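These notes concern the structure reproduced below.
Residue numbers (the UniProt record's numbering): 1 to 240.
Following this line, the structure appears as structure tokens:
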């Protein structure tokens with residue numbers, strides 16, 4: 001069966017959805033016959049060859065299965081993956097409406113790129129016995145290997161990674177704050193799921209004193225308020 005795309009492109013053989021003389025034939029949407037598209041047009045996305053693009057996507061796919069180290073070290077069962085973490089951060093950026101003084105598209109891009117190197121080097125934390133400098137070198141080499149697969153678009157991706165690492169823009173600083181927000185929210189979710197509110201205090205307390213973006217700060221304050229209310233309720237239940 002031939003596959004069709006609802007587009008009208010003059011240099012491609014056109015098929016119609018309806019038989020000849022069908023009453024709606026004259027107004028039918030035109031569809032592209034993919035078998036007529038030149039192979040080069042099918043095999044490139046943003047300038048990348050199909051072989052390299054598939055390799056890139058396979059690397060990105062590693063993040064779907066890579067569990068975040070902080071939770072693994074604390075024996076949290078069924079903990080989140082790196083891609084799940086990045087996805088929720090990206091969803092928050094999607095909700096930005098311009099009143100935050102941030103470039104929404106850049107925030108979305110930064111959220112998608114900020115942990116990308118982990119698809120090769122893994123989720124390295126201070127508890128992994130690797131120095132900050134060594135971590136930076138490993139991640140930089142990983143990003144070079146990743147982005148060369150999707151040149152020239154990879155150049156922009158590398159620029160975003162540098163911007164995030166060096167916190168050179170309001171957007172990159174916001175994404176770092178968003179990273180903290182997702183950690184706090186995830187810790188609270190695990191406490192609720194596992195009926196152990198208060199257990200992951202170190203994660204929630206780690207943002208104390210940080211100069212957070214007002215939007216992030218307000219959400220963390222709300223999480224803390226809900227958490228405190230649950231802890232107080234549990235205390236009252238135990239004492240009664």
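By construction, the Cβ of each residue, glycine as well, lies at the ideal position given by its N, Cα and C atoms.
Owing to the predicted nature of the structure, the values given are computational and were not obtained by experimental measurement.
Please report the distance separating the alpha-carbon of residue 205 from that of residue 158. 32 Å
How would you write the range of the alpha helix (DSSP H) that residue 134 sits in, first residue to last? 132-147
Could you check whether the region 102-122 touches the region 68-86, counting it as contact only if at least three pairs of C-beta atoms, one from each stretch, sit closer than 8 Å? yes
For the putative contact between residue 175 and residue 119, defined by C-beta atoms under 8 Å, what is the C-beta separation to the nearest angstrom? With a Cβ gap of about 18 Å, residue 175 and residue 119 do not count as contacting.
Through-space distance from residue 71 to residue 122, alpha-carbon basis: 14 Å
Taking its Cβ as the centre, do 16 or more other Cβ atoms sit within 10 Å of residue 91, making it buried, or is it exposed? exposed
Backbone CA spacing between residue 133 and residue 125 [nearest angstrom]: 12 Å
Of the choices 233, 230 and 213, whose alpha-carbon is the least far from that of residue 301? Because the chain here runs from 1 to 240, residue 301 falls outside it and cannot be looked at.
What are the boundary residues of the alpha helix (DSSP H) that includes residue 117? Neither: residue 117 is in no alpha helix (DSSP H) and is coded neither H nor E.
For residue 79, tell me which candidate among 224, 186, 228 and 220 has the shortest Cα-Cα distance. 186
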